[in-house]
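Numbering (full-length UniProt numbering), first residue to last: 1 to 133.
Beneath this line is the structure, given in structure tokens, with notes to follow.
What follows is the structure in structure tokens.
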């Protein structure tokens, strides 16, 4: 009978890099889903706040609220972009906010991933009978 002493060690040495890459991919996938949730939340909050604020302050309110929401959630983003648009449909107005985020992946360089951008948008109707203060 041939001795197989040390075969487990050899197998473990060969499988360790594969297991590390698998763990890093899990971390990357978790960051991507977390970033998408945070971006959706920021877009919703920004659109809601912008629709309730003064019409002259819609864009600045949306940007401020979206940035604060991303900061409070401990975002997994390196770069963010916030776009605000006022949509007119007849007499009705709505505000649309789109938040984009580049997922943080510098510390996962072993995966050699390209920067991935997630984005979300939200639309809220501006109350036409509201009185601006």
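The beta carbon of each residue, even a glycine, is placed where N, CA and C say it ideally should be.
Every value quoted in this text rests on a predicted model; they were computed, and no experiment measured them.
Query                                                                                                  : Result
Segments of 3+ residues assigned as beta strand (DSSP E) that fall wholly inside the segment 39-92     : 77-89
Inter-residue Cα distance where the pair is residue 97 and residue 61                                  : 11 Å
Boundaries (first-last residue) of the beta strand (DSSP E) holding residue 126                        : 117-126
Sequence-distant residues of its chain with Cβ nearer than 7 Å to residue 86 (five each side left out) : 58, 93 and 95
Contacting residues, own chain, Cβ-Cβ under 6 Å from residue 66 (five flanking each side not counted)  : 42, 46, 82 and 99
Residue nearest to residue 38 in terms of C-alpha spacing, selected from 64, 27, 118 and 113           : 118
CB of residue 124 within 8 Å of CB of residue 76, strictly                                             : no
Backbone secondary structure at residue 21 - three-state DSSP                                          : helix
7 Å Cβ shell around residue 108 - same chain, five flanking residues per side excluded                 : 24, 27 and 28
Which of helix, strand or coil DSSP assigns to residue 103                                             : strand
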